[in-house]
Amino acid sequence: MRVSYEWLTQYVDLKDISPEEIAAKMNQTGIEVEVIDSRDSGVSQVVVGEVLSTQQHPEADRLKVCLVHVGKGQQLQIVCGAPNVAKGQRVPVALVGAKLPGGMKIKKAKLRGIESSGMICSAKELGLPEKMIMKEQSEGILVLGNDAQIGEDIKDYLGLNDHVIELELTPNRSDCLGMIGVAYEIAAIFDRELRLPDVYIQDVEEGEGSEISIRLESEEDCPLYAAQVVHHLQLGTSPQWMQNRLIAAGIRPINNIVDVTNYVMMETGQPLHAFDYEKISSGQIVVRRACAKEQVVTLDGLTRTCDDEMLLITDGTQPLAIAGVMGGESSEVTEQTTSVLIESALFDPALVRKTSRKLGLRSEASSRFEKGADPERVLPALARAVQLLQQTAEGTVGSSIECEGLDEVEDMWVKLRHDRLSQVLGIQLEQSEVLDVFQRLRFEVELDQDTYKVQVPTRRPDITLEVDLIEEVARLYGYDKIPVTLPWGQQLPGGLTQHQKLRRVIRKTLGDLGLNEVITYSLTSPHLDEEIESLNPEVIPVSLALPMSNEHSVLRTTLLPHMIKVAEYNQNHGQERVAIFELGKTFLTDETILTKQPEERWELAGLLTGAQETTIWKKPEQEASHFYEAKGILEALFARLGLDQVQYREAFPVGYHPGRTAEMIVKEKVIGVFGQLHPKLCKKYDLEDTVTFQIDLAELFAAMNDELLYQPIPRFPAVTRDLAMIVDKEIPVGEIEEGIREAAGELLKSITLFDVFVGEQIGEGKKSVAYSLIYRAMDRTLTDEEIQGIHQGVVDHLESQFKAKLRQ
């Protein structure tokens, strides 16, 4: 909302209060001031002049020599190149020594041998925004109205001495979407008298009676509709004072009829609309819902297709306007208009909001209706518009006010307990101080012992509860006067839960290992979620009742689908190497129709694809081996979390490569799965070989010890033995490692697979696996005899369990 300081002074005496002081006080009382703009762009020594004569320049076809009267009997010779300059015009004249926006200074000059003592200015040269002035004023010099006084400072005439205070209003303060509403606020803040325009309903002039009939087909959509006819209008430009205020408010003047409706809207906050009365058949107004696919050509010349959830203003046959949003072209005020029907109404805010959003059409009117208009302003705004049309367009009242809908508006009474006020604010106020606040706000109040019964005016729909009145008292009393106190009562120090700490460890560890964290949507497409099997394949996706689109219609049961889309996006934009992870929630249920909240489970997912290494040297990139890279990352993560007994078992989930996928098992429970995506899926998303992993954090954390245990650095040396065995090719190395641990006992501290060999030398269906085993005792140095006995026991166990042979 743009508030003109000059306009505001018409309602509140602000002679001793600057715009900056107003802004500071409004910020302190809860309405944010975004900026204060000066309408003066740097204009000085520019006055109103009258063109007495014009003559063709003897040396230039496009120049004219003008004699201009600038007041105090002073006449200046000015050479002007504007094609529209003419005798008798009132124009802005920059005198010698004048300054214009952009640093331009006016000096005496000779133009093709003719002296020029000043400059006749255009609107642009005065710093007037082009989009805020009428088209005819933007071409050539600015021609002023005949009410401009010769010699008058142009800043006074054009209102350039004004300041505009721009308010950043929250939706609950719709009362400040009109100048009178802002005036109520300013008068309350500074405890000043409020001067409102004298508005009264006028009788129909003799012989000018015109009939209007109004029919509301749905009072829920339009609770109140009022209209009045004005005849014998003289279409023209608005008075300069009205144009100045409209421009300051950010509205472009058009003509005196349309400008009056806009002016009253900005003054009262109540949108109005003027229909050409001659274009309304039989003077009938019917407010109804639109038919499906019914079309309306709006004032901007575009054809709008409506549905049955939109409200139209019609004449019983054809649409005249989209209610609360924009008027129609068929009843537009034109140069031939002499009679208008002025509309003032209330429309359902939710309906206007939906209509505006569906049509992609937002107007000053819709922005006010969708926040809720004041029912007590409907008739006064209409009467005010009729008065102004009489003043500015010589109109005559052509009908009485016809009104359909609400007869009376129920009074809103809210009670406030004094002790509750003191308890919430933490200060003791006298009853007289509280009553003074309500008086300044122009609220009627009755005091019954320690309870205030407050009648809230309809202009303040944001006040419905006791706490709302407490807020009004606090902000008008002054937040700065309320002492700052520390909270009291039992307080507990904040901290992270154990699972929160572990999730931070996971993020830090994976980041250190070169993975980037991503955050994707919790909503996904059913089709996308079916491409990758989740850790809980038996669950049913939770569908949204009213999804915005099919792509975001169900809650995810796995993190991977969106991560695949992230990888696709990055590679399409030239990022060859993608190594990402996500920590997020999945949503699980076994119900088709929900009777309880779905279970929310934390999961960890990761993805690796693309070249492992890109260098500046001209050599082939390393062949991607993401399976073992991912396994190494997971093993490093498990080691950081203190898990050293993770087993891997072949698995065949949907969406993964058969034979290159494994489950991760801890204490006989599956905690996750990792492996290569199925080639068909990689081809669909134009990805190279891609490896992913999914881990159920609930199962992972359950498998961990409650505390991470640390051991001292060993004092005694370790002994390393290598072991190479020939076994059947189908035996997983994980089972062999488990057998080695079982046979070696506590003295085995680590086992590392360093070679797998398959070839003719080994035999068909066989493979050679080689391990490096490290033995160590924490309390002594192991002897060769002990090591040999343990190591031989390992060999014997493998020969017995797996029919393994020691490779010679």
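Every position in the sequence shown, counted from 1, becomes a number in our numbering once 111 is added.
Virtual Cβ for every residue (Gly too), placed ideally from N, Cα, C.
Keep in mind the model is a prediction, meaning the values are calculated, not measured.
Excluding the 5 residues flanking residue i on each side, which residues of the same chain have their C-beta closer than 6 Å to its C-beta?
{"i": "residue 730", "result": "Low local confidence applies: a pLDDT of 47 at residue 730 is under 50, so the model's placement there is unreliable, and no value is given."}
{"i": "residue 123", "result": "294, 297, 298, 303"}
{"i": "residue 725", "result": "Residue placement at residue 725 is poorly supported in this model, since its pLDDT is 49, which falls under 50; the coordinates still yield a value, given next. No residues qualify anywhere along the chain."}
{"i": "residue 758", "result": "776, 845"}
{"i": "residue 78", "result": "What the structure shows of the chain is the stretch from 112 to 919, and residue 78 is not part of that stretch, so it cannot be assessed."}
{"i": "residue 952", "result": "Because the chain is modelled from 112 through 919, residue 952 falls outside the range shown and cannot be assessed."}
{"i": "residue 125", "result": "none"}
{"i": "residue 734", "result": "With a pLDDT of 43 at residue 734, under the threshold of 50, the modelled position of this residue cannot be trusted; read the value that follows with caution. Closer than 6 Å at the Cβ level, and outside the excluded window around residue 734, lies no residue."}
Can you tell which of the options has its C-alpha closest to the C-alpha of residue i?
{"i": "residue 901", "options": "880, 912, 859, 919", "result": "859"}
{"i": "residue 559", "options": "542, 573, 568", "result": "542"}
{"i": "residue 68", "options": "220, 665, 162, 539", "result": "Within the shown structure, residues of the chain are numbered from 112 to 919, placing residue 68 beyond reach of any answer."}
{"i": "residue 579", "options": "889, 193, 283", "result": "283"}
{"i": "residue 346", "options": "670, 707, 500", "result": "500"}
{"i": "residue 335", "options": "435, 419, 250", "result": "435"}
{"i": "residue 534", "options": "552, 796, 577, 678", "result": "577"}
{"i": "residue 573", "options": "485, 624, 648", "result": "485"}
{"i": "residue 158", "options": "127, 211, 143", "result": "211"}
{"i": "residue 176", "options": "220, 136, 142", "result": "220"}
{"i": "residue 716", "options": "701, 774, 785, 768", "result": "785"}
{"i": "residue 441", "options": "407, 415, 420, 308", "result": "407"}
{"i": "residue 513", "options": "490, 237, 185", "result": "490"}
{"i": "residue 439", "options": "465, 410, 427, 446", "result": "410"}
{"i": "residue 344", "options": "324, 366, 330, 351", "result": "366"}
{"i": "residue 795", "options": "809, 766, 823", "result": "766"}
{"i": "residue 244", "options": "357, 222, 305", "result": "357"}
{"i": "residue 190", "options": "166, 199, 201", "result": "166"}
Would you call residue i buried or exposed, if buried means 16 or more other Cβ atoms sit within 10 Å of its Cβ?
{"i": "residue 732", "result": "At residue 732 the pLDDT is 47, less than 50, meaning the model places this residue with poor confidence and gives no usable figure here."}
{"i": "residue 274", "result": "buried"}
{"i": "residue 115", "result": "buried"}
{"i": "residue 660", "result": "exposed"}
{"i": "residue 833", "result": "exposed"}
{"i": "residue 131", "result": "exposed"}
{"i": "residue 789", "result": "buried"}
{"i": "residue 787", "result": "buried"}
{"i": "residue 524", "result": "exposed"}
{"i": "residue 162", "result": "buried"}
{"i": "residue 704", "result": "exposed"}
{"i": "residue 333", "result": "buried"}
{"i": "residue 522", "result": "exposed"}
For the alpha helix (DSSP H) that contains residue i, what are its first and last residues?
{"i": "residue 825", "result": "That residue, residue 825, is in no alpha helix (DSSP H); it is neither H nor E in DSSP."}
{"i": "residue 812", "result": "808–814"}
{"i": "residue 852", "result": "844–855"}
{"i": "residue 136", "result": "130–139"}
Does the Cβ-Cβ distance between residue i and residue j come in under 7 Å?
{"i": "residue 840", "j": "residue 876", "result": "yes"}
{"i": "residue 520", "j": "residue 444", "result": "no"}
{"i": "residue 690", "j": "residue 670", "result": "no"}
{"i": "residue 510", "j": "residue 337", "result": "no"}
{"i": "residue 314", "j": "residue 571", "result": "no"}
{"i": "residue 150", "j": "residue 271", "result": "yes"}
{"i": "residue 291", "j": "residue 203", "result": "no"}
{"i": "residue 908", "j": "residue 850", "result": "yes"}
{"i": "residue 881", "j": "residue 835", "result": "yes"}
{"i": "residue 252", "j": "residue 225", "result": "no"}
{"i": "residue 838", "j": "residue 741", "result": "no"}
{"i": "residue 692", "j": "residue 626", "result": "yes"}
{"i": "residue 399", "j": "residue 328", "result": "yes"}
{"i": "residue 300", "j": "residue 140", "result": "yes"}
Quick one: what's got a C-beta closer than 7 Å to residue i's C-beta in the same chain, skipping five residues either side?
{"i": "residue 672", "result": "635, 639, 640, 642, 643"}
{"i": "residue 814", "result": "754, 777, 778, 780, 782"}
{"i": "residue 428", "result": "392"}
{"i": "residue 390", "result": "441, 442"}
{"i": "residue 207", "result": "217, 218, 219, 228, 229"}
{"i": "residue 474", "result": "436, 437"}
Where does the unbroken beta strand (DSSP E) through residue i begin, and where does it stop?
{"i": "residue 545", "result": "Run containing residue 545: none in the beta strand (DSSP E); it sits in the alpha helix (DSSP H), 542–551."}
{"i": "residue 637", "result": "Unbroken run through residue 637 is the alpha helix (DSSP H), 637–641; no beta strand (DSSP E)."}
{"i": "residue 793", "result": "Segment 790–795 is the alpha helix (DSSP H) holding residue 793; no beta strand (DSSP E) there."}
{"i": "residue 698", "result": "689–699"}
{"i": "residue 180", "result": "175–180"}
Looking at the ligand NAP, does it come within less than 6 Å of residue i, judged from the CB to the closest heavy atom?
{"i": "residue 628", "result": "You won't find the ligand NAP in this model; it holds no ligand whatsoever."}
Quick one: residues in its chain with C-beta nearer than 8 Å to the C-beta of residue i, no 5 flanking neighbours on either side, listed in chain order?
{"i": "residue 476", "result": "376, 382, 384, 435, 436, 437"}
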